[in-house]
Every structure is written in structure tokens, then in C-alpha cells.
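Chains as they are written, first to last, in this note's numbering: chain A, 1 to 374; chain B, 375 to 748. C-beta atoms are modelled at their ideal positions from N, C-alpha and C, and glycine is treated no differently. Reviewing the structure listed below.
There are 2 protein chains.
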Amino acid sequence: MREIIQNIKYPGFILKCDEELILDSGKSLDKVEIAYQTYGKLNLDKSNAILVCHALTGDQFPAEKNPITKKKGWWDLMIGPGKTVDTEKYFVICSNVLGGCVGTTGPNEINPKTNKIYGIDFPTITIQDMVKVQKILIDELKIEKLLSVIGGSMGSMQVLQWAASYPESLRSIISIAGALKHSAQNIAFDEAGRQSIMLDPNWRKGNYLSEDTKPENGLSVARMIAHITYLSDAAFQKKFGRNLQEKKDLSFGFDIDFQVESYLRYQGKSFVDRFDANSYLYMTRAMDYFDVSEQIIKNKKSIISNKIRFLVVSFTSDWLFPTKESRGIVSLLNSIGSLVSSAEVVSDRGHDSFLLDEHQLFKITTGFLKGIKS
Amino acid sequence: MREIIQNIKYPGFILKCDEELILDSGKSLDKVEIAYQTYGKLNLDKSNAILVCHALTGDQFPAEKNPITKKKGWWDLMIGPGKTVDTEKYFVICSNVLGGCVGTTGPNEINPKTNKIYGIDFPTITIQDMVKVQKILIDELKIEKLLSVIGGSMGSMQVLQWAASYPESLRSIISIAGALKHSAQNIAFDEAGRQSIMLDPNWRKGNYLSEDTKPENGLSVARMIAHITYLSDAAFQKKFGRNLQEKKDLSFGFDIDFQVESYLRYQGKSFVDRFDANSYLYMTRAMDYFDVSEQIIKNKKSIISNKIRFLVVSFTSDWLFPTKESRGIVSLLNSIGSLVSSAEVVSDRGHDSFLLDEHQLFKITTGFLKGIKS
């Protein structure tokens with residue numbers, strides 16, 4: 001039995017599932033709950049639904065004001081009335097991913113089997129598991145074909161997994177700043193972040209929530225490491241250069257001297273208030289494990305027969321998910337004979353570009369979506 | 375009074391100084407000791423001396439077997455009989471930098487004023503301070519003009535500082551994988567590493583050695599972060615790709631799955647045995663503070679009149695000290711009318727290339743040194 005209820009903690013909804021969810025690992029989860037939000041209206045023939053997939057530290061609130069941070073949603077530049085993903089035309093669905101920490105079943109939630117917080121007993125999940133849960137939600141909303149599935153970074157991984165797993169339920173796919181698989185360098189960055197968390201004594205072998213503490217230091221450093229990879233060298237140069245933070249001279253010490261230090265420390269500290277450390281471990285692991293090429297090739301007949309249109313976008317200064325990786329996606333899709341367009345947007349703002357006001361990205365995406373609609 | 379004695383802890387020598395050393399910060403150090411090693415023989419007219427400057431985690435043992443790690447010296451490929459820096463022709467000097475942890479005065483040594491370990495009471499040092507100490511050593515060895523000063527990474531910073539501070543004592547300079555100043559991105563990486571150390575509860579506000587502990591976890595993560603920046607994306611791909619570590623399938627957990635994880639954890643763990651965490655803080659801070667352009671311009675007359683020849687080498691895949699930075703060095707040196715040659719060596723091994731068997735680097739450097747000699 002499945003049931004959709006109003007989310008009492010945050011705006012939006014929760015889909016409660018009663019069946020056992022079998023995961024990629026062979027393990028299972030009971031009573032999965034999926035927290036999601038919607039924008040715009042589903043039309044009568046249910047042909048205007050767009051699923052938005054969030055990145056590592058995103059949530060189900062891409063548009064309007066985020067009810068938790070009270071800031072603009074993470075993709076508010078992209079989604080809203082009259083915007084690229086126009087909520088006056090499209091019905092937008094966004095759910096917190098499996099393993100997340102904003103209401104969907106994850107390591108910071110209660111394990112219904114034990115009535116204790118999952119913590120590190122939460123099973124390891126994959127991008128495929130995340131998408132499996134999204135498919136349950138889409139089924140429950142009685143949407144047979146999504147107009148599009150769109151996402152950047154870890155969102156792109158989910159998008160590509162949708163094409164591999166459920167091509168019959170799609171009309172189009174928009175992959176932004178993504179890759180067919182996580183590179184060795186990216187696994188390395190993830191591992192450094194995870195070690196930072198797991199070596200923090202307050203991690204308590206993953207049981208910190210039961211023991212009423214938090215690995216704040218470890219999570220903060222993990223965020224700092226990751227944040228560097230989101231910007232480009234040029235972006236750092238432009239934003240901060242070697243400017244000093246509210247002082248004229250070097251302090252000759254280890255307090256903040258440079259603006260870039262202040263920025264990084266702030267990024268680290270503010271992150272721990274809104275994100276669960278174990279969730280960070282599970283999601284980075286899901287990204288490490290992601291390697292979708294074979295599944296796409298295996299399902300190529302269905303991808304072709306469903307005439308799925310693909311848009312693959314990358315950014316010139318993105319070194320975390322460089323254009324080389326997007327070229328790999330395009331190349332694979334071409335090799336199976338699918339309908340694929342691509343664009344490399346010129347931007348000096350690094351991986352973060354996908355979240356910023358990149359006019360070219362909006363223009364291309366707007367046109368692509370119109371092409372599907374017509 | 376100054377005195378050179380045999381180093382009883384390690385092979386090599388120690389220069390003991392009695393005078394007060396005034397630092398860039400305005401603070402001072404008493405009774406500075408400089409641990410150094412030499413290779414080859416100084417000729418009669420003292421014209422064959424080459425000073426080798428080490429990088430962040432290097433030491434005074436670039437050639438032969440390292441007496442501490444029992445592995446080959448960090449630049450054994452470059453320095454030795456018949457090699458690029460040929461110890462049958464040249465007299466090679468290498469000292470542990472000020473603030474280091476292999477015998478030269480640094481935070482892990484006893485403060486002669488208090489008879490306690492310096493720890494975080496050690497004054498903040500700069501690259502200029504490091505070079506000032508090297509100059510004392512060169513003076514004490516009665517060498518008026520160094521045939522060359524050579525170094526990569528933080529070694530390059532010292533090399534450029536030599537040109538700015540003591541041009542009258544130089545015949546040539548070899549800067550490898552260097553920069554005129556530390557970039558904002560590099561300061562950011564340094565800061566993430568420092569925060570990892572300083573947020574480790576075992577750091578004990580810098581007094582860990584007095585309290586008989588070590589911030590091993592923090593230092594280990596700092597090393598992991600740094601190590602990623604030493605390799606290129608291509609090097610990671612070639613070396614590890616997504617290969618699994620001694621297993622056939624994913625473990626669906628947070629233990630080591632991928633070879634790259636095993637490698638990184640090993641790099642982190644083995645580093646804490648041989649390096650002092652506070653030293654790591656002081657050296658990265660010295661790099662952050664480095665910004666030598668103005669000093670070079672200020673001293674340009676002496677650089678020109680002493681006919682110093684410069685060689686500036688970078689590597690195509692180095693993203694920590696990219697060719698762009700070396701171009702900046704060349705451009706500045708050209709703008710003051712100095713004698714500068716440069717080369718960008720094609721290598722896919724990232725910043726680490728300067729320590730590896732890069733044939734083109736050896737060939738260029740050998741020729742450059744011959745040109746000085748003749």
C-alpha cells in the first residue's frame with residue numbers, strides 16, 4: 001500500500017510505501033518514505049511533467065524560497081514562472097533522494113525494524129536505487145511519460161540512470177555537467193571527504209545521532225574540500241585573488257588572513273547545520289559506484305524505440321565534470337543511434353556554473369524543452 | 375658565533391648560529407640550527423656549488439638513500455654521479471628549510487628561551503625567512519657565488535626569492551613547476567589541510583608534542599587532499615582508473631573498494647610517521663604568503679648587472695602550478711630585461727612530474743647547467 005500525505009515538517013508531500021524495496025546491494029529497506037515538492041500544475045493528459053534531480057547537497061526545494069535555509073531554492077534561476085523550466089507551462093516534481101537528509105528515508109531517519117536511527121546500519125545505496133524510488137513516485141502520481149528528467153552533477157547521474165532503467169517512461173533527458181561514471185580523481189576527492197568525517201572522533205562509528213553529537217569538524221573539512229572542486233581556478237582568482245579579509249596587512253598567524261579562507265570556513269561551518277554527515281558518506285559512495293554505460297547499451301533498443309531526445313551540456317571551466325566526460329556521454333549515445341544534442345557553454349565559473357545565471361544554458365534548455373513539447 | 379658540527383641524529387651536518395635571526399614578521403629566533411647535507415666536492419675556486427631547495431614535504435636528503443625513509447632520496451633521479459645535477463662535477467648543498475621537521479629549527483624543536491618544544495609558539499615564517507637562513511649557510515661555507523639554485527614547487531619559491539634577495543650571490547636560477555605567488559585556489563587547498571589538522575582534537579592548540587599525542591587523523595586527511603593536487607586527472611585515470619582493490623565486486627560499504635582509495639589512505643597514514651603537523655601548518659602558511667614580484671622588480675638592477683641566467687620549467691598537466699604561472703615568471707623576468715629561457719614539458723603526470731623521470735626536464739636542465747659552467 002502506498003499513501004501520499006502532507007509533509008508536516010516542511011512544505012510539500014511525503015509518499016509512504018509499504019512494500020519492501022530491494023536495493024542494488026541485495027539488501028532491502030522497509031517502509032520507504034519519499035519527501036517531494038511540486039511546482040506548477042499537471043495538465044489533463046499528464047504530458048507536462050518534468051522531474052528535477054538534485055545534486056549531492058541539494059534537496060526537494062529547487063524553486064521559490066527554500067523553507068529550511070530561507071534563501072532562494074538551489075535552482076530558482078532555472079525553475080519558476082516564465083523561467084527556463086517554466087512552472088506556468090510545466091509541472092515540476094523534485095524529491096529528496098534516497099539516503100538524503102531532508103525527509104526521504106536515509107541514515108538520519110528511524111529504522112522501522114529497530115525503532116532506532118539507522119546511522120551506519122543504513123544499507124549502501126546506488127544512483128540506481130535513488131532512481132528506483134523516483135520511479136515509484138512517478139508511478140504513484142500516475143504519470144506514464146515524463147516530458148523530461150533534468151539534473152546537474154549527481155543530478156545528471158540520476159538522469160542518465162533514468163534513461164538506462166526506465167526509457168519507456170521518458171520523452172527526454174537533460175544531463176548537465178555530468179559523466180557516465182565517476183573518475184578516479186573524483187573518487188579520490190570523495191574518499192578524502194569521507195575520511196575526514198569518519199576520522200572525526202565525534203562520528204562515533206556512525207552512531208553520533210544516537211549519542212547526541214555530530215562530526216561537525218570532519219563534515220566541515222569535507223565540505224571545504226568539495227567546495228574547492230566546485231569552483232574554477234579563474235573563479236577563485238576573480239572572486240578572491242589574494243585579497244585580505246578586512247585587514248591591511250598579513251597577521252603572521254593561522255587566523256583568517258585571506259578572503260578565500262573566510263569564504264571556505266564559512267562554507268564548511270554553515271554546511272554542518274543543514275546536512276547530515278552520514279548522508280554525505282552514502283551519497284558520495286553512490287557517486288563513486290556510478291558507471292552506467294553498460295546499462296545504457298543493454299537497454300538501447302528501448303531508448304531508440306521510445307525516441308528519447310537527449311541534451312548534454314557541459315561548461316568550459318568545469319574540472320570536476322569536464323567537457324571530456326560529457327563528450328563521453330554524447331559519444332555513447334551516438335554509438336547506439338539515439339537523438340542527442342550537446343553544448344559546451346563558455347563559463348569561467350567552474351562546476352558551479354550549472355547552478356548560476358548562465359544565459360547560454362537557459363537559452364539552450366528553453367529551446368530544447370520547447371522542441372519536445374511541440 | 376657560528377659553528378658547523380656533524381649531525382648526530384642523521385647523516386650530514388648542522389650549522390649552529392648564535393646571533394638573533396630577525397624574521398619577516400618582526401619577531402625573532404634565537405640560536406637557529408640548520409641541518410644540511412652535501413653531495414660531491416667543492417672545487418678550489420668554489421665555483422661549482424649548486425643549492426637545491428626542497429618542496430613542502432621534502433628534506434635535506436634529495437640524493438642517494440634517504441636515511442629516514444630508507445627509500446631513494448626525493449630527487450635521486452635528478453642528482454647523483456653522471457645524472458643531471460652531476461655530483462662528479464658539482465658540489466650539491468641541500469638544507470632542511472626553516473620551520474621544517476628534519477633537524478632545522480622548527481616548531482617541533484626546543485625553544486632555547488623556554489627549554490620547551492616551540493609548538494604553536496614558533497613564529498610564522500616566510501619563504502624569505504627560509505632563504506635568509508640558506509644564505510647564512512652559504513656564507514658560512516665561504517661560497518661567494520652559487521653556480522645555481524634549483525627547486526620545484528615550494529622549492530621554486532625559494533629559488534625566485536634567492537633572485538630577489540641575493541642576486542649578487544648567484545650565477546643562475548632554475549625554477550620548476552613554480553609561481554610568482556600562491557594562487558587563491560592553492561591558498562584554499564592549504565587552508566582545507568590546515569583546518570583538517572587544527573580541528574583534530576589531538577592537535578591540542580598546537581601543543582600535542584608536549585602532551586605526548588599527535589593530530590594523526592587531521593594530518594593524514596591534509597596529506598590526502600594535497601596528494602590529489604599533485605597528480606593529474608589523467609595520471610589518476612592511468613594509475614588507478616576505477617580498478618577495484620584486491621576484490622572482484624563492490625563491497626557496498628565504506629571500506630576500501632577502489633585502488634585509488636587504498637593509495638590515498640596509504641599516503642595519508644605513512645605521512646604522519648615522517649612529518650610534523652605544525653611544520654605542515656607553518657610551511658603552507660609560508661607558501662600562502664609568497665608574492666615575490668615586487669621584490670624582483672625592486673632588485674632588477676642587481677639581477678641584470680649580475681647577469682643571472684634563469685631557466686623556468688613547467689609541465690602541461692600540472693594544475694597546481696600550471697604553465698600559466700610559469701609564463702608569469704618568464705614575463706616578469708623579460709620585462710626587467712633578464713636572461714630567461716623557459717620550457718613547457720609535455721607530461722600527463724601532473725605537478726609530481728618534477729620529481730619523476732621526465733627525460734625532457736633532465737635534458738634541458740643538463741644543457742642549461744653546462745651553459746653556465748662554460
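Taking each of A:V52, A:F354, A:K181 in turn and checking the Cα distance to K324 of chain A, the smallest one comes out for A:K181. For D288 of chain A, the neighbours in chain B by C-beta distance under 8 Å run, in chain order, D631, F632.
When rounded, the separation of the alpha-carbon atoms in D398 of chain B and V272 of chain A is 37 Å. Distances from the CA of D495 of chain B to each of B:L729, B:V704, B:S653, B:I670 were compared; the closest alpha carbon is that of B:S653. Nearest CB-CB separation between V595 of chain B and chain A: below the 7 Å threshold. Counting along the chain, S527 of chain B sits inside no alpha helix (DSSP H), nor does DSSP assign it H or E at all.
The closest CA to that of R545 of chain B, considering only B:W536, B:A553, B:G552, is found on B:W536. The beta-carbon of E191 of chain A is placed less than 7 Å from the nearest beta-carbon of chain B. Judged by DSSP in its simplified three-state form, R376 of chain B adopts strand.
Y263 of chain A and V634 of chain B have their C-alpha atoms roughly 29 Å apart. Each residue's CA atom was taken as its position, placing Y582 of chain B and V595 of chain B some 17 Å apart. Along the segment 545-562 of chain B, the positions whose C-beta sits under 8 Å from a C-beta of chain A are K555, H556, S557, A558, Q559, I561, A562, read in chain order.
Of the other Cβ atoms in all chains shown, 16 or more fall within 10 Å of the Cβ of H227 of chain A; this residue is therefore buried.
Under the DSSP assignment, Q411 of chain B falls in the beta strand (DSSP E) whose first and last residues are 407-413.
Close to chain A, meaning a Cβ-Cβ distance shorter than 7 Å, is no residue of the segment 420-442 of chain B at all. Rounded to whole angstroms, E109 of chain A and Q195 of chain A show a C-alpha spacing of 23 Å. Contact fails between the segment 307-323 of chain A and the segment 286-295 of chain A, because fewer than three Cβ pairs, one in each stretch, are under 8 Å apart. A Cβ-Cβ separation of about 5 Å places Q37 of chain A in contact with Q60 of chain A under the 8 Å criterion. With contacts defined as CB atoms closer than 7 Å, F684 of chain B and V714 of chain B qualify as a contacting pair. One finds Q559, A562, F563, A566 in chain B with Cβ atoms closer than 8 Å to the Cβ of I228 of chain A, taken in chain order. Between D731 of chain B and S606 of chain B a beta carbon distance of about 16 Å is seen, past the 8 Å cut, so the two are scored as non-contacting. Setting aside the 5 residues that flank it on each side, L430 of chain B is surrounded in the same chain by M528, M657, each with a C-beta closer than 6 Å to its C-beta; the list follows chain order.
In this structure, the CA atom of E191 of chain A is about 21 Å from the CA atom of M130 of chain A.
With a 10 Å radius around the Cβ and a threshold of 16 neighbouring Cβ atoms, H351 of chain A comes out buried. Under DSSP, I22 of chain A takes part in a beta bridge, and its partners are A:S28. Taking a Cβ-Cβ threshold of 7 Å, the residues of chain A close to D607 of chain B are S183, Q185, in chain order. Within chain B, the residues F626, G627, F628, D631 have their CB atoms less than 9 Å from the CB of R285 of chain A, given in chain order. For E325 of chain A, the three-state secondary structure derived from DSSP is helix.
A Cβ of chain B is located within less than 7 Å of the beta carbon of Q195 of chain A. Look at the segment 217-244 of chain A and you find these whole runs of alpha helix (DSSP H), each 4 residues long or longer: 233-239.
The Cβ neighbour count for E216 of chain A, taken over all protein chains shown within 10 Å, is at least 16; the residue is labelled buried.
S522 of chain B places its beta carbon less than 7 Å from that of I424 of chain B.
In this structure T488 of chain B is exposed. Its beta-carbon is surrounded by fewer than 16 other beta-carbon atoms within 10 angstroms. Interface flag for L638 of chain B against chain A is set, since a Cβ pair is found closer than 7 Å. Take D450 of chain B, set aside five residues on each side of it, and the residues of its chain with a beta-carbon closer than 6 Å to its own are A437, in chain order. Assigned with DSSP and collapsed to three states, D139 of chain A falls in helix.
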